[in-house]
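Chain order of the listed sequences is A and B.
Taking this note's numbering, the leading residue of the first sequence gets 4, the next gets one more, and so forth.
Taking this note's numbering, the leading residue of the second sequence gets 4, the next gets one more, and so forth.
Cβ atoms here follow ideal geometry from the backbone N, Cα and C, with glycine treated the same way.
Computed from a predicted structure; not experimentally measured.
The structure appears right after this line, and notes come after that.
There are 2 protein chains.
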Amino acid sequence: MAQVEESVARHVASVDRAVAVLDVLAQSQSDLGTNEIARRTQINASSVSRLLATLARRGLVAHVAETGRYRLGLRLLELGNAALSRIDLRDVARPHLHELAELTGETVTLSVPGELEAVTMDFVASDSFVQSVARLGRPSVAHATAIGKVFLAFGGKLPDGPLVAYTERTITHRKKVAEEVDSTARRGWAQAVGEREIGLNALAAPIIDGQSALKGILGVQGPAGRFGRQAMRSAIAPLLSSANAISRIWTG
Amino acid sequence: MAQVEESVARHVASVDRAVAVLDVLAQSQSDLGTNEIARRTQINASSVSRLLATLARRGLVAHVAETGRYRLGLRLLELGNAALSRIDLRDVARPHLHELAELTGETVTLSVPGELEAVTMDFVASDSFVQSVARLGRPSVAHATAIGKVFLAFGGKLPDGPLVAYTERTITHRKKVAEEVDSTARRGWAQAVGEREIGLNALAAPIIDGQSALKGILGVQGPAGRFGRQAMRSAIAPLLSSANAISRIWTG
DNA sequence: CACGGTGTTGCCCATAAGGCAACAAGCGAA
DNA sequence: TTCGCTTGTTGCCTTATGGGCAACACCGTG
């Protein structure tokens, strides 16, 4: 809880009431009249009327002339978009990265989709001495990594030319890559087993907004000796859970 | 201008100040400190501090502990999404439909993309006695209408089976339809010249959100005798202008 | 260490805001 | 058409609130 909120700071009651009015309008599926808002907020109707007039003038609330009722105003959308544009995905995701690293015992990465590939922008390293090292700024190899397969599943493109075989397990046939990408899209997560590097296993899940646009990719990776079939299977649910929690920035 | 705002209603100055603080944070590209907000709003720093404390407690503002500065809070995103979910596209678009109908002298329609086609949900009829009649709920024929071509350009699918030739000008070869759809995507608007009906010409432009997802389609249509090559060309810019103005609901 | 700026909070006082009452308007039922 | 009820607004009064001053703690820089 923020320190500011816990202090004995004096609050502005009128602002509290105004926000309570906004909250009630947000909770309601339909427009509300002054008296109904007064009932739900336990604020006198004349006070509510004046609060609404002020909020309406500033665009946070809209008065519907036909019905005399009120609804949330478009200025809130503008303010919400402004709030969104300042969010640092890393800040929001970081607690989830820590939690997932703790749960799985492996290195957890956060990538963002770029133009040609997804790029690692944050990670929480495994506590183990033997760990899969992540590096910031490192692009993924789309066809050979779990992160890359999620990237492809959301419209990312493979580069032209032959696909490099990093290990014997690397999928280099474009048709088989496409099938792998289809699998990723269908089940909502990707895996790579010794495809980018011998002995390196990984899982990845998309972080999406309300329109299913890719905003980030959450990955878990570890050495095959520890992060094998069983451990990978166990990591899927928490991975999806964390990715969904992060996605809730956009979906509410 | 809303009647409520024009009355001699008494406003709540504290709420006005609080919103002024939100506005300043929205305008700024970076986090702001208490004193900076005080300077920009001409409100005493101690008042700003107390307003911020209240807004922070309600989540409309977030205090960044590392820097001591403030930014817009995630609750605004929730409120913005709630506001958005109650918006009726028709209400927002209607003034633009009227304006466009006035500018072009033709019938203007608003459609929303459905599962299999786009459906007319509002229109403003031309003032002319000779006009292209629109009907609410009428689905578009994707391959033969301007509205439909925009729908296809944003991922809509053609139905299976042969494409019906409504006139001699209807494009029924799937490859040519695809080319037409590509043109639509590239230039940002579609046209249909006597393809759905002899003597009926139309233009259409997409209404999109911040992620380029299709939220609606704005169309102009008229009889070829009046809405011919020259008039259509003249209607493109105002059509795009109106579609963009409506799109700003989502993009700010 | 000194200085300047930031951010918060105690305190005082003027006024803003809450709420009561009155009023106008609208709606539904008789 | 009339009546009763509810809604929404506004005049007005009272008082509690909130604005702002001053003081303080903290921080960064020279």
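Burial state of residue i (16 or more Cβ within 10 Å)
i	result
THR266/B	Outside the shown range of chain B, which is 4 to 255, sits residue 266/B, and nothing can be said about it.
ARG199/A	buried
VAL136/A	exposed
ASP125/A	buried
ALA16/B	exposed
GLU81/B	buried
HIS176/B	exposed
GLU105/B	exposed
GLN224/A	buried
HIS101/A	exposed
VAL133/A	exposed
GLY83/A	buried
VAL111/B	buried
VAL167/B	exposed
SER10/B	Below a pLDDT of 50, predicted positions are generally treated as unreliable, and SER10/B, at 49, falls in that range; the measurement from the model is reported next regardless. Flag for SER10/B reads exposed.
Neighbourhood of residue i by C-beta distance below 6 Å, restricted to the same chain and skipping five residues each side
i	result
GLU96/A	It is worth fixing the name first, because residue 96/A is Ala in this sequence and not Glu. Here the set comprises LEU113, ILE249.
PHE3/A	Here chain A comprises residues numbered 4 to 255, so residue 3/A is not present and cannot be evaluated.
ALA207/A	ALA149, ILE150, VAL153, ALA193, ILE220, GLY222
LEU92/A	GLY219
ASP212/A	LYS218, TRP253
SER143/A	GLU120, ALA121, ILE150, GLY151
ALA147/A	TYR169, THR173, GLU198, ARG199
GLY202/B	PRO226, ALA227
Proximal residues to residue i (C-beta, below 8 Å), its chain only, five neighbours per side dropped
i	result
ARG78/A	ARG61, GLY62, LEU63
ALA29/B	LEU75
ILE90/B	ILE252
ARG232/A	none
Beta-bridge pairing of residue i - partner residues as DSSP gives them
i	result
HIS104/A	The sequence as given places Ala at residue 104/A; His does not occur at that position. Answer by DSSP bridge pairing: none, since ALA104/A is not bridged.
LEU204/A	According to the sequence displayed, residue 204/A carries Asn and not Leu. Looking at the DSSP assignment, ASN204/A forms a beta bridge with VAL196/A, GLY225/A.
PRO209/A	ILE220/A
HIS146/B	Bridge partners of HIS146/B: none, in fact.
ALA65/B	ARG74/B
ALA121/B	PRO116/B
LEU35/A	TYR73/A
THR110/A	GLN224/A
VAL127/A	VAL111/A
Through-space distance from residue j to residue i, alpha-carbon basis
i	j	result
MET4/B	VAL67/A	Note that MET4/B scores a pLDDT of 30, beneath 50, so its modelled location is shaky and nothing firm can be said.
VAL184/A	THR170/B	42 Å
ALA227/A	LEU103/A	18 Å
ASP19/A	GLN214/A	32 Å
ALA240/B	SER88/A	30 Å
VAL127/A	SER237/A	19 Å
ALA56/B	THR37/B	11 Å
GLN6/A	LEU25/B	For GLN6/A, the pLDDT reaches just 37, beneath the cut-off of 50, and the residue's location in the model is therefore unreliable, although a value from the coordinates is still provided. Roughly 20 Å between the two C-alpha positions.
ILE174/A	LEU155/A	14 Å
GLY3/B	ALA41/A	Outside the displayed range of chain B (4 to 255) lies residue 3/B, so it cannot be described from this structure.
ASN247/B	PRO116/B	17 Å
MET235/B	LYS179/A	48 Å
SER33/B	SER49/B	21 Å
PRO162/A	GLU182/B	25 Å
SER131/A	SER245/A	21 Å
GLU39/A	ARG172/B	58 Å
LEU58/B	VAL196/B	55 Å
SER31/A	ALA85/B	9 Å
ALA216/A	ILE210/A	8 Å
ALA65/B	SER52/B	13 Å
ARG13/A	PRO98/A	30 Å
ARG72/A	THR44/B	31 Å
SER129/A	ALA188/B	46 Å
GLU8/A	LEU35/A	Per-residue confidence for GLU8/A stands at a pLDDT of 41, beneath the threshold of 50, marking its modelled position as unreliable; the derived number appears in the next sentence. Whole-angstrom Cα-Cα distance: 30 Å.
THR107/A	ASP94/A	21 Å
ALA145/B	LYS160/A	28 Å
beta-carbon residue i near the ligand MN non-hydrogen atom, thresh 6 Å
i	result
ALA147/B	Among the components modelled here there is no ligand, and therefore nothing to report on the ligand MN.
Close beta carbons around residue i, own chain, < 7 Å, minus the five adjacent residues each side
i	result
GLY140/B	VAL122, THR123
SER186/A	none
LEU54/B	ARG20, ALA21, VAL24
LEU243/B	GLY191, TRP192, ALA208
ASN47/A	ALA41
The region 76–89 of chain A: positions lying closer than 8 Å to chain B by Cβ
Under the 8 Å Cβ criterion, the region 76–89 of chain A contributes GLY76, LEU77, LEU79, LEU80, GLU81, LEU82, GLY83, ASN84, ALA85, ALA86, LEU87, ARG89.
Residues of the region 210–223 of chain B with Cβ closer than 8 Å to any Cβ of chain A, in chain order
For the region 210–223 of chain B, the residues whose beta carbon sits under 8 Å from a beta carbon of chain A are, in order, ASP212, GLY213, GLN214, ALA216.
Taking a Cβ distance cut-off of 9 Å, strictly less, list which residues of the region 97–129 of chain A are near chain B, in chain order.
Of all residues in the region 97–129 of chain A, none has a Cβ within less than 9 Å of some Cβ in chain B.
Chain-ordered residues of the region 13–35 of chain B with a beta carbon less than 7 Å from chain A
Residues passing the 7 Å Cβ filter: ARG13, HIS14, VAL15, SER17, VAL18, ASP19, ALA21, VAL22, LEU25, ALA29.
Of the residues that make up the region 35–56 of chain A, which ones have a beta carbon closer than 7 Å to any beta carbon in chain B?
Those residues of the region 35–56 of chain A that come within reach of chain B (Cβ to Cβ, closer than 7 Å) are ARG53, LEU54, ALA56.
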